[in-house]
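**Q** In this text, residue positions in the sequence shown follow my numbering: the first is 17, and each later residue adds one.
Glycine included, every Cβ here is placed at the ideal spot set by N, Cα and C.
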Amino acid sequence: MGKNSSVARLYFKALPSILAFAISPFLFFDLQIETNEPFTISIQEIWADRSYSDINLEFLGFPFGKDSTSLLSQISSQAFLDGEPFTGIENIYDSKTDLLEISRVFVDGLPVHQKTFGSDGKEHASIDIFYNQHKTKRTSTRYFQLGTLKLETIFSSPDHNGKRVLKFWNIDGTLDTIMISGSSSDELINYDPEGNVVFHERYENEELVEKIK
């Protein structure tokens with residue numbers, strides 16, 4: 017019991033970082049930062065000081081409204097080229113070294129895949145982004161490190177009453193842990209390398225309330 021609770025607390029503490037992967041950098045692409053001066057600066061402008069793109073895209077911020085869906089699944093921006101939703105690849109380079117940093121794939125203005133590269137030119141991480149049928153919100157993301165699936169996020173799972181589901185994978189490709197999260201209730205399911213459930217527990221406000229297995 018003690019070991020299981022310790023594992024659960026580690027996941028709860030790591031949740032903010034985990035959700036940062038789930039959200040992906042695109043969520044904050046058009047956010048404005050308030051300063052003490054009488055103006056604001058966008059994340060895009062900050063990035064422009066340290067990097068450059070090989071294509072001149074324009075971005076429509078929050079095309080479906082900031083309140084149209086939850087923070088995690090809302091679409092923050094759409095990319096346009098010459099007034100039309102962009103389909104293609106955008107590469108972003110470091111301004112000082114001219115090394116490729118980020119490669120993005122867009123379909124009908126929406127980012128569907130992104131790769132990040134290290135200073136050695138090798139791919140470090142990537143993320144796949146999936147949308148609903150009408151392309152008005154995100155449904156899930158799949159995050160990879162060094163080509164290996166590490167985290168799958170389902171923002172509103174139909175199999176779990178619309179709760180958020182996080183699936184964590186081991187480096188060998190086996191499923192490690194599933195976290196099912198509601199407003200204050202969480203379930204944590206941990207697996208062994210053969211796919212058997214090691215423990216399954218339910219928490220309220222990070223406190224264990226039910227040991228299902």
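Compare the C-alpha of Ser199 against each of Lys183, Glu220, Thr193 and name the closest.
**A** Comparing Cα-Cα distances from Ser199 to each of Lys183, Glu220, Thr193, the minimum goes to Glu220.
**Q** With distances taken between CB atoms, is the gap from Asp110 to Glu117 smaller than 7 Å?
**A** For Asp110 and Glu117, yes; Cβs fall inside 7 Å.
**Q** Drop a sphere of 10 angstroms on the beta-carbon of Ser197, count the other beta-carbons inside from all chains shown, and report buried for 16 or more, exposed for fewer.
**A** Buried is the call here.
**Q** What residue from Asp114, Leu167, Ser135 has the CA that sits closest to Tyr68's CA?
**A** Minimum Cα distance to Tyr68 is reached at Asp114.
**Q** Alpha carbon to alpha carbon, what distance is there between Arg180 and Val225?
**A** Taking the straight line joining both Cα atoms gives about 19 Å.
**Q** Would a C-beta distance cut-off of 7 Å place Phe102 and Phe80 closer than the cut-off?
**A** Not a contact, by the Cβ cut-off of 7 Å.
**Q** Would the beta-carbon of Ile145 fall within 7 Å of that of Thr164?
**A** It is not a contact, given that the beta carbons lie outside the stated cut-off.
**Q** Compute the Euclidean distance between the alpha carbons of Phe204 and Leu182, then round it to the nearest angstrom.
**A** What sits at residue 204 in the sequence shown is Leu, not Phe. Their Cα atoms are separated by approximately 10 Å.
**Q** Output needed for Asn186: all residues of its chain with C-beta closer than 8 Å, excluding positions within five of it in sequence on either side, in chain order.
**A** These residues qualify, in order along the chain: Asp192, Pro209.
**Q** Is Ser89 closer than 7 Å to Lys153 when the C-beta atoms are compared?
**A** Yes; because the gap between Cβ atoms is below 7 Å, this pair is in contact.
**Q** Give every residue of the same chain whose Cβ lies closer than 7 Å to the Cβ of Lys229, excluding the five residues on either side of it in the sequence, and list them in chain order.
**A** So the list reads Val213, Phe215, His216, once near-sequence residues are dropped.
**Q** Could you check what DSSP says for His176 in three-state terms: helix, strand or coil?
**A** His176 falls in the helix class under three-state DSSP.
**Q** What does a CB cutoff of less than 7 Å around Asn148 pick up in its chain, not counting 5 residues either side in sequence?
**A** These residues qualify, in order along the chain: Thr155.
**Q** So the beta strand (DSSP E) Lys138 belongs to, where does it begin and stop?
**A** Where Lys138 is concerned, there is no enclosing beta strand (DSSP E), given that its DSSP letter is neither H nor E.
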